[in-house]
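Student:
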């Protein structure tokens, strides 16, 4: 299929690069209000520049919408109205109301998905495969400040990735409660799914980049790093006690075999195949709406 990308910011450039590398894609088209930026991306990737949205929507069979969140509703709405399969970078829209409005515009038979990239991280695949009965879960997603982010809090910028995993991978369809505190740049949320507490922290003020998941079960602990794509399972200690005034503990540590890949490449290949075959994308607009709903509940607990 021929693919298109609307928007050439940091993430948009990556979409153009990956589409240009995929065997599932013929020609990659790119459009941006900033024609010079689009031309630079095209020169680096072999993509073809379109001079208008209309031109891109005539040529592309599936399109990534990678524009700032306040423009998701209008831009994605135009792509959907043109009958073109659409992948919208997270979050789906700026507010729940906008999400609902956009979902109401999607006709039957059109593949529309939300770009929650961590869903395609092999760490999530492995954790989902081995987890059984979580007693406690924590996510930490901390970043240095980024000039590319504007107009959104750390909740919909960073924490939303872990919200998606918690609600759609670990505890799908479960009732929950949520309490939050923090600011627009540093936030923490404590959720409960039944009797299981789930703690999420996110920051744009960190001096160290962290992307981690930690799960305790009755007989083991599972720990994953989204950046290194490593997963470890720690089993109950065979020996634990005090010896000569020192604590002694022996654990069984298992490192799971993870097939390391670029999550964006898996995400876009999955989108193109879904569009080609007329199938739903794994991250549905309804799930995107649910993620924004949780973001808004958390945001209400934050200070200005």
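Numbering (my numbering), first residue to last: 96 to 399.
Just so it is clear, CB atoms sit at the ideal spot from N, CA and C, and this is done for glycine as well.
Starting from residue 115, follow the alpha helix (DSSP H) in both directions and report where the run begins and ends.
Tutor: Residues 105–116.
Student: Out of curiosity, what's the CA-to-CA distance linking residue 165 and residue 193?
Tutor: 10 Å
Student: Report back the beta-carbon spacing between residue 257 and residue 236 to the nearest angstrom; my notes put them in contact at under 8 Å.
Tutor: 6 Å
Student: Does the ligand FAD have a heavy atom nearer than 8 Å to the CB of residue 371?
Tutor: As presented, the structure is devoid of all ligands, the ligand FAD included, so that no description of it is given.
Student: Since residue 125 and residue 137 are thought to touch, with beta carbons under 8 Å apart, how far apart are those beta carbons, to the nearest angstrom?
Tutor: 6 Å
Student: May I have the straight-line CA-CA distance separating residue 301 from residue 240, to the nearest angstrom?
Tutor: 7 Å
Student: Between the alpha carbons of residue 102 and residue 204, how many angstroms are there, rounded?
Tutor: Straight-line Cα distance between these residues: approximately 25 Å.
Student: Would you list the residues sitting across from residue 285 in a DSSP beta bridge?
Tutor: For residue 285, DSSP records a beta bridge to 274 and 294.
Student: Buried or exposed: which applies to residue 274, given that a residue is buried once 16 or more other Cβ atoms fall within 10 Å of its Cβ?
Tutor: With fewer than 16 other beta carbons inside 10 angstroms of its own, residue 274 counts as exposed.
Student: In its own chain, which residues sit with a C-beta less than 6 Å from the C-beta of residue 233, not counting the 5 before and 5 after it?
Tutor: Contacts found: 294 and 309.
Student: Please identify the residue among 338, 313, 348 and 340 whose C-alpha is closest to the C-alpha of residue 325.
Tutor: 348
Student: Smallest Cα separation from residue 87: which of 332, 106, 212 and 289?
Tutor: For residue 87 there is no data in the structure shown, the boundaries of the chain being 96 and 399.
Student: Could you tell me which uninterrupted alpha helix (DSSP H) segments, each at least 4 residues in length, are contained entirely in the stretch 112–176, listed from first to last along the chain?
Tutor: 130–140, 148–154 and 167–176
Student: Return the residue from the list 260, 155 and 248 that minimises the CA-CA distance to residue 122.
Tutor: The shortest Cα separation from residue 122 among 260, 155 and 248 belongs to 155.
Student: Using a threshold of 9 Å, state whether the C-beta atoms of residue 360 and residue 105 are closer than that.
Tutor: The beta carbons of residue 360 and residue 105 sit no closer together than 9 Å.
Student: Whole angstroms is fine: what's the gap from residue 179's alpha carbon to residue 366's?
Tutor: 12 Å
Student: Where residue 270 and residue 354 are concerned, what is the direct C-alpha to C-alpha distance, given to the nearest angstrom?
Tutor: If you draw a straight line from the Cα of residue 270 to the Cα of residue 354, it comes to about 33 Å.
Student: Can you name, in chain order, every residue of its own chain whose Cβ lies under 6 Å from the Cβ of residue 378, other than the five neighbours on each side?
Tutor: 208, 209, 211 and 214
Student: Determine the DSSP secondary structure at residue 238, reduced to helix, strand or coil.
Tutor: coil
Student: Taking the alpha helix (DSSP H) that residue 362 belongs to, which residues open and close that run?
Tutor: For residue 362, the enclosing alpha helix (DSSP H) stretches over residues 358–372.
Student: Residue 403 and residue 297: beta carbons closer than 9 Å?
Tutor: Lying before the first or after the last residue shown, residue 403 is absent from the chain, which here runs from 96 to 399.
Student: Using a C-beta cutoff of 9 Å, does residue 166 count as contacting chain D?
Tutor: Looking at the structure shown, chain D is missing, and only one protein chain is on hand.
Student: Taking Cβ positions, are residue 147 and residue 98 nearer each other than 9 Å?
Tutor: Going by beta carbons, residue 147 and residue 98 fall outside the 9 Å limit.
Student: Taking just the CA atoms, how far does residue 370 sit from residue 157?
Tutor: 7 Å
Student: What does a CB cutoff of less than 6 Å around residue 288 pick up in its chain, not counting 5 residues either side in sequence?
Tutor: 266, 269 and 271
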